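Just add 39 to the spot in the first sequence (first one is 1) and you have this note's numbering.
The beta carbon of each residue, even a glycine, is placed where N, CA and C say it ideally should be.
These numbers come from a predicted model, not from an experiment.
See below for the structure under consideration.
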Amino acid sequence: MASCGIRVGPQESEMLDKTYNPSEIEPRLYEGWERAGAFAADPGSNARPFTIMIPPPNVTGSLHMGHALTFTVQDTLIRWRRMQGRDALWQPGSDHAGIATQMVVERLLAEQGVDRRDLGRAKFVERVWQWKDESGGTITRQLRRLGASLDWPRERFTMDEGLSAAVRRVFVTLYRQGLIYRDKRLVNWDPKLQTAISDLEVENLEVKGSLWHIRYPIAGAPGRSITVATTRPETMLGDTAVAVHPEDARYRDLIGRQVVLPLVGRLLPIVGDEYSDPEKGTGAVKITPAHDFNDFEVGRRHALPMPSILDRQARVTLAEIADSLAPVEGVADPDFVRSLEGLDRADARRAIVAELERLGLLEKVEPHTHQVPHGDRGGVPIEPLLTVQWYCNAEVLAKPAIEAVETGRTVFVPKQWENTFFAWMRDIQPWCISRQLWWGHQIPCWYGPDGREFVAESEAEAQAAARAQYGSDAALTQDEDVLDTWFSSGLWPFSTLGWPEQTPELGRYYPGDVLVTGFDIIFFWVARMMMQGIHFMGDVPFRHVYIHGLVRDERGQKMSKSKGNIIDPLELIDKYGADALRFTICALTGPGRDVKLGAARVENYRRFVTKLWNAARFCEMNDIRPDPSFDPSQATLPLTRWILDAANRAVTEATAALEAFRFDEYAAACYRFTWDTFCDWFVEFAKPALGEAEVRQTAAHVLGIILRLLHPAMPFVTEELWDRFGYGAEYSLIRTPWPEPVAVPDAAAAREELDWVVKLISEVRSVRTEMNVPPGTLTPILLRDAAPATLARGQRWMEPVRRLARISSLEALAGDMPKGSAQVVLDEATVVLPLAEVIDLASERVRLTRERDKAAGEARKIAQKLDNADFVRRAPEEVVEENRDRLATAQADIARFEAALARIG
RNA sequence: GGGCGGUUAGCUCAGCGGUAGAGCGUCUCGUUUACACCGAGAGGGCCGGCGGUUCGAAUCCGUCACCGCCCACCA
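Okay, structure coming up:
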């Protein structure tokens, strides 16, 4: 045990560099932590676990600002809880991201002139794996740059064998429970990617289009017609009815009659249906059940045929209407229709509009701006298409998930997001889980020669089932489709822990404590995890869902490639260090708010990192080193008791802020304490007292608290300083206990004393500046009407006051005030600054008058309040009392200012 | 159409029933031996408008205006 607080460590001889250089220090520290296993969870420990499951980034991804935000928040929480002694697991991994990844690899193949269809499924999937092995690690490397303390050896990928087994188990189970089934209905079809996508993957974009008014002749009534309005004339080939509102007087008599479908010649019924809105268009609407969600419902109600007239690439296909083509003079021409076969939907539209115009059936065309659904990946308009897909009965799964949030078993932060969650969950639609892709979990369903389904966890198992059915081996073919990526990410909270195996991790780290994500992902992912987690684990997947905002640029614009306003977090890390970026993010992350972030913000908070570094350099230069034998509860000096007490408050505030997910308040509490309290006041007060061991010990102790408080947000610089000062072994701050308040002897007295000194210095500084006292001039101050204790207190602090307020001496005022003095009212005393040489009496009079008026205004306001009988009667006693005190203070101040004014004449 | 959020100092935001705050920016001053990525001081606000509740409203309620999201709507 060393006899004094100075430890002799390996770095003892090296002083801290004059400037902090993050780019050199950060990678070294990260490697050190990782090598030392500092991020590892310990399933064997007795500590209470704390789990955060990373929202697995797409394997194709690279770190963007949104990642920087969410992962900074997560790492801050994980590091804080780890320091609190929790067995912290931050589960890493990435998502196979079906569509995104397949698109990336397809693009690469296209550069080599290869189409995936030529390659074949097996080869293609092999190429994707190859790509994943070579290029899929980008984001995990970048997460290290950010300082993310993930438990890397536990890294998982949604297509791992283990996770794939979980997917198959879940699918088979839900199928057997009747919660997964096949159905033929309309889906959102992306003609570019040629797959079904879910409602959530559809984005409505405003399009300036047209509204075409088309005359449909009434059958058997020459010259009569009914006009329909449509934004999609090309779909008329698939029309099977015209609908009007049953109460619409204009058309009521037509219900039950027929129209001739122009171009096609087919006869369509006019049906009465409340879907038709008399206010919209012409009040008569064409019904195309196979290409419109509403029309599909109308078609069902009226048992209409549902011919598809567009294929999977959204090209015209006539197979299902070929039989119904019929020539009608001046109205329909089968040859024309046949000429449309194979045309793209846009070309078909042009051709059809031209033909209608030629036939005089186009009544008018109006410009029309409307929302058109686009695939958010492919970027082309979605085509509602009638196909057979796999569906999950989300309604059944949603019920317990809703209940879990209602009863508070899972709590959203901020709470208002629960409404968003409820609104969607209570009206949830069947979840289309099949995708016509090659990259993903292939659906574990095999078909027999007669089309019979065998859903099983493996082909062998399916074969066994088939054998039982057919009495012999059968040639089985597996379903070609893969599952929606969110189907597997929904299992993430338990599949990563080894489910369906009963691993020790599964029992220990499920449910997780916090899920951190953006609101845009509540439906996609949070909802699915809730549903699947509860269904398969019998408990919610996490206790809290912390929803943060979006990262925007400085002007509040959403970052996008097209706007060219993307900020690359890695550039910021290179330039300012990860700590600066992370602290900036924490400081700006208020509840339910988007984060407006620009380089200037990060540059600004880098100054804080530098400030901390310099404060540490000051300590180093003054032999301020940690002393394990120091006991803060035995502190004797007012100065040390004062800073220890302030540190207690900082610890309390920072901890409370983190508990409440208030990262902004956490950052602010640390910032204020470090910069304002520690650097600006304590260090300055300590300078003349550094000869005292207790002052040095306290300084070191408080610096240690600062390093610990800041570590979750600024892991690198704090660890570096911690190690260099020998607070602990190398790489040890990450696992050093989080500070807790300690009892400080007579803290209130210390606070009162130092607050007075701070006030004295501030007031004198203020007057000196205002009176234009040259900074180099030292002036004496005299205390008028000061109690002996006050005078003694002032003299005790003469050293720092001399330096900070530029004061040469402090005495009681004996006799008359020197001519040409400035005066400051400070509690019961008046501070007199003899400034004969420099003072301008007129401006001093103005200044004192202004001060007096300010106090008088204050007094008037309070007096008014206290004169109000209702206030005195109804307001709480302590509020009334407080106002009486404030009034007394204000009145005393007025008196002292009046006296001061009288003295200068 | 339904819902949610926002409107507070030049900018970004905190405060959400009892004395209007912070950071940045601005202005003035300062090379005091940790730090000029610094220090000191100053200026700057009918807390979006209008009603209401209350002894008391930036804060609660109603209403309007504007901004931004989400869901529904694809005639």
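Sheet register partners of Pro873 (DSSP bridge)
Ser860
Same chain, Cβ closer than 6 Å to Leu636, neighbours up to 5 away in sequence not counted:
Val590
What number of angstroms, rounded off, separates the C-alpha of Ala139 from the C-alpha of Arg416?
7 Å
Which partner residues does His252 have in the DSSP bridge list?
Ala268 and Lys403
So, for Tyr509: in the same chain, excluding its five sequence neighbours on each side, which residues have a beta-carbon less than 7 Å away from its beta-carbon?
Gly487
Can you give me the Cβ contacts of Lys57 inside the same chain, cut-off strictly under 6 Å, excluding the 5 residues immediately before and after it?
none
Inter-residue spacing [alpha-carbon to alpha-carbon] between Gly393 and Ser378:
The displayed chain sequence assigns Ala, not Gly, to residue 393. Using only the alpha carbons, I get a separation of about 13 Å.
Is the region 596-613 in contact with the region 468-476, if contact means three or more CB pairs nearer than 8 Å?
no
So, at 6 Å on beta carbons, what are the nonlocal neighbours of Ala939 in its own chain, with the 5 sequence-adjacent residues on each side left out?
Gln862 and Leu887
Based on DSSP bridge pairs, tell me the residues matched to Asp372.
None; Asp372 has no bridge partner.
Between which two residues does the beta strand (DSSP E) containing Gln583 stretch?
Reading off the sequence shown, one finds His at residue 583, where the question assumed Gln. Run containing His583: Phe581 to His587, per the beta strand (DSSP E) assignment.
Please confirm whether Ala329 and Leu401 have their CB atoms less than 8 Å apart.
no
Can Thr649 and Tyr59 be called in contact, C-beta distance under 8 Å?
yes
Name the residue from Val871, Pro814, Met810 and His409 whose alpha carbon lies nearest to the alpha carbon of Arg823.
Val871
According to DSSP, is Ile846 part of a helix, a strand, or is it coil?
strand
Specify the secondary structure class of Leu349 as computed by DSSP and reduced to three states.
strand
When the distance is taken between beta carbons, is Asp892 closer than 8 Å to Ala789?
no
On a Cα-Cα basis, can you pick out the residue from Tyr710, Arg632, Gly277 and Thr869 that is closest to Arg305?
Gly277
For Gln50, does the three-state DSSP call read helix, strand or coil?
Low local confidence applies: a pLDDT of 45 at Gln50 is under 50, so the model's placement there is unreliable, with the coordinate-based value given in what follows. Coil, per DSSP.
Please report the distance separating the alpha-carbon of Leu852 from that of Glu883.
19 Å
In whole angstroms, what is the alpha-carbon distance linking Pro784 and Leu678?
12 Å
Straight-line gap, Phe702 to Ser497 (C-alpha atoms, nearest Å)
47 Å
Quick one: what's got a C-beta closer than 7 Å to Leu724's C-beta in the same chain, skipping five residues either side?
One point to set straight first is that residue 724 is Phe, not Leu, in the sequence displayed. Closer than 7 Å at Cβ, skipping near neighbours: Leu678 and Pro839.
DSSP on Trp538, reduced to helix/strand/coil?
coil
What is the DSSP secondary structure of Val153, reduced to helix, strand or coil?
coil
Nearest-angstrom Cα separation, counted from His106 out to Trp191:
17 Å
Please check the pair His409 and Gly248, which I expect to be a contact at CB under 8 Å, by giving their CB distance rounded to whole angstroms.
6 Å
Are the CB atoms of Val806 and Ile846 nearer to each other than 8 Å?
no
Beta-carbon proximity check, Ala205 vs Leu545, cutoff 8 Å:
no
To the nearest angstrom, how far is it from the Cα of Asn972 to the Cα of Asp552?
Given a span of 40 to 944 for the chain in the structure shown, any question on residue 972 remains unanswerable.
Going by DSSP, what residues sit across from Tyr430 in a beta bridge?
Tyr220 and Cys471
Test item: CB-CB of Met92 and Thr535 under 8 Å:
yes
Closer than 8 Å is the cut-off here; do at least three beta carbon pairs connect the region 136-152 with the region 117-127?
no
Label Ser52 either buried or exposed according to how many other C-beta atoms from any shown protein chain fall within 10 Å of its C-beta, with 16 as the threshold for buried.
Reliability fails at Ser52, whose pLDDT of 49 lies under 50, so the model's placement of it is uncertain and no value is given.
Using 10 angstroms around the beta-carbon of Ala782, count the other beta-carbons present and answer buried if the total reaches 16, otherwise exposed.
exposed
Cutoff 6 Å; reference Tyr766; Cβ partners in own chain excluding five residues on either side
Pro665 and Gly743
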